[in-house]
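Reviewing the structure listed below.
There are 2 protein chains.
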Amino acid sequence: MENRRKFLQNIIAAAGMLYTSSTWAKTTVSKKNHLLNASRISLHKNDVLLFQGDSITDVGRNREVKEPNIADGMGKGYPFLAAAKLLREYADKDVKIYNRGISGHKVPQLADRWQEDCLDLHPQILSILIGINDYWHKRDGHYDGNSQSFKAQYRQLLESTMTNLPEIKIIIGEPFTVKEVKHVTESWFPEVEEYQLATRELANEFNLLFIPYQKVFDEACKVADGGYWTTDGIHPTLAGADLMAEAWLQMIKK
Amino acid sequence: MENRRKFLQNIIAAAGMLYTSSTWAKTTVSKKNHLLNASRISLHKNDVLLFQGDSITDVGRNREVKEPNIADGMGKGYPFLAAAKLLREYADKDVKIYNRGISGHKVPQLADRWQEDCLDLHPQILSILIGINDYWHKRDGHYDGNSQSFKAQYRQLLESTMTNLPEIKIIIGEPFTVKEVKHVTESWFPEVEEYQLATRELANEFNLLFIPYQKVFDEACKVADGGYWTTDGIHPTLAGADLMAEAWLQMIKK
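This is the structure:
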């Protein structure tokens, strides 16, 4: 078990590293020059960091809190955990960290509130985790999007962001599921994987940092059951949130 | 600034280490054999870990949540941050972590609810952070205790705990203040230090692990202003909570 624990501690680093290397290799064929040679992100004095997404990012944050760096406004998920560590470790940088994730949101809802909840905050670093509702709501018959429209809408959101904020550094989180925990049955596959692939391809296309959360959770499930890491196959437990935070923090240059 | 950041990262480890060494040195003169050779704590399979204290431990936790390991029941402070990391790193141990801190509490209030909120949970590991209200309420004229009665009541609580749960491992957190931030004026000193000393002496007396939070915050204040680490001299910010969590985690054997 000792070896397994070390394995788990290392896999988080490895998962982050893997993609960074692959990104480097792809820079020569990158379609766009935006963030050419993208690698880990350095934090600079007064940087603004924005977490965007759905319920996995929101996690019950107090939406009345508009100011950065306030515990009550961070939710109880990976943004809280990552923010706490960044604020401590980079205390001399006066970084401003916002969480603007909203439960239930898909890409179109992000787009609707993008001016206020992203561009107006002028982030230097933007972390996005979106996609699971784009599949889930379609699956439940409440939404007529599909993985192609998801990818097109997501691409538009990214292009608009990079046009408005040319210097921004974007981190794309892979939407993930944990199989055989409550909601997530075999019938989710392979369709949900089309959405995951779309996010990976967009990260490649724009040469953005990418967090392979699926791999992170898959590896974690070798150490403890899926129900240890997620309450329902979709939403992380406290342990799962820390798994995400640690993977997220790999994107920041030490 | 790079050196300063490294310094801050290291001081947390150093603060924990310092006392551990001193504890080792004191084992030969320890009055009690309870936890002879106390050093860092090893987590074992199915261990129950309980965080007890006042608002600094509570931090808005949902008190309806009685189950362990639930994010909503952990509050938004150092117990949340420490629990997340422990649950991830020791996923194979099935540790159960509870937060039962309640805002405004002093030692007598802990004692009143100790059966239900400590003994009945059968913790193997107990973390206590208490004392600031014992001084503050006296200072404000709402309480007639003093540092002597604080120490006597605290000693009684510890003795009762160790009698009822002979195998328990106890971690004492030093109550702390951050000077010149809102509530904490010069007039708090030196009296508040009597309460800090009492906790240190009790930890020595019973050979318990001790977290020197005052030193942790003092060192952090060399890197960023007191207002960066605490909102009012007493309650930590998100950055301050992570400072505490990291110091707390030093008590656990790697």
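So the protein lines, in turn, are chains A and B. Start counting the first sequence at 55; every next residue gets the next number (the working numbering). Start counting the second sequence at 55; every next residue gets the next number (the working numbering). Quick reminder that beta carbons are idealized off the backbone N, C-alpha and C, glycines included.
Taking 8 angstroms as the cut-off, the beta carbon of residue 132/B is found no closer than this to the beta carbon of residue 283/B.
Residue 257/B is outside the set of residues whose beta carbon lies under 8 angstroms from a beta carbon in chain A. Residue-level contact check: residue 142/B touches chain A, since one or more beta carbons of chain A fall below 8 angstroms from its beta carbon.
Taking a Cβ-Cβ threshold of 7 angstroms, none of the residues of chain B is close to residue 305/A; the smallest such distance is about 18 angstroms. In this structure, the straight-line span from the alpha carbon of residue 94/B to that of residue 179/B is close to 11 angstroms. With fewer than 16 other beta carbons inside 10 angstroms of its own, residue 210/B counts as exposed. Only those residues of the stretch 165-183 of chain A whose C-beta falls short of 9 angstroms from the nearest C-beta of chain B would be listed, and there are none.
Residue-level contact check: residue 232/A does not touch chain B, since none of the beta carbons of chain B fall below 8 angstroms from its beta carbon. Closest by C-alpha distance to residue 220/A, out of 260/A, 245/A and 300/A, is 260/A. Just measuring C-alpha positions, the residue of 231/A, 290/A and 256/A sitting nearest residue 244/A is 231/A. Listed along chain B are 145, each with a C-beta nearer than 7 angstroms to that of residue 282/A.
Setting aside the 5 residues that flank it on each side, residue 293/A is surrounded in the same chain by 282 and 283, each with a C-beta closer than 7 angstroms to its C-beta; the list follows chain order. The beta-carbon distance between residue 273/A and residue 250/A, rounded to whole angstroms, is 16 angstroms. This is too long to meet the 8 angstroms contact definition. Contact check for residue 177/A against residue 235/A fails: the beta carbons are separated by 8 angstroms or more. Collapsing the DSSP output to three states places residue 133/A in a helix. Residue 181/B carries a strand assignment under DSSP once its states are collapsed to helix, strand and coil.
Look at the beta carbons and you see the stretch 102-117 of chain A touching the stretch 144-163 of chain A: at least three pairs across the two are nearer than 8 angstroms. Boundaries for residue 100/B: no beta strand (DSSP E) harbours it, and the DSSP string shows neither H nor E there.
Spatial neighbours of residue 157/B in its own chain (CB-CB distance under 7 angstroms, excluding positions within 5 residues in sequence) are listed in chain order as 108, 109 and 112.
Taken in chain order, the complete beta strand (DSSP E) segments of 3 residues or longer contained in the stretch 171-253 of chain A are 179-183 and 223-227. If you compare the alpha carbons of 192/B, 271/B and 169/B with that of residue 298/B, the shortest gap goes to 271/B. As the crow flies, the alpha-carbon of residue 168/B is around 18 angstroms from that of residue 256/B. In the three-state reduction of the DSSP assignment, residue 258/B falls in the helix class, which pools H, G and I.
Taking residue 192/A as the centre and dropping the five residues before and after it, the same chain places the C-beta of 198, 199 and 200 closer than 8 angstroms to its C-beta, in chain order.
Not flagged as an interface residue toward chain B: residue 308/A, since no C-beta distance is shorter than 8 angstroms. When beta bridges are read from the DSSP output, residue 263/A appears opposite 225/A. Where residue 110/A is concerned, the enclosing alpha helix (DSSP H) starts and stops at 109-112. Excluding sequence positions up to five before and after residue 141/A, its CB lies within less than 8 angstroms of the CB of 123, 149 and 151, all in the same chain and listed in chain order. Counting only residues of its own chain and dropping the five nearest sequence neighbours on each side, residue 119/B has a CB closer than 7 angstroms to the CB of 126 and 127.
For residue 120/B, the secondary structure class from DSSP, reduced to helix, strand or coil, is coil. For residue 233/A, the closest C-alpha among the options 275/A, 202/A, 203/A and 138/A is that of 275/A. Beta-bridge partners of residue 152/A (DSSP): 104/A.
For residue 165/A, the uninterrupted alpha helix (DSSP H) run begins and ends at 161-166, by DSSP. Of all residues in the stretch 107-125 of chain A, those with a C-beta nearer than 9 angstroms to a C-beta of chain B are 113, 114, 123, 124 and 125, reading in chain order.
About 13 angstroms separates the beta carbon of residue 225/A from that of residue 216/A, a gap too long to meet the 8 angstroms contact definition. Residue nearest to residue 300/A within the set 143/A, 135/A and 279/A is 135/A (criterion: CA-CA distance).
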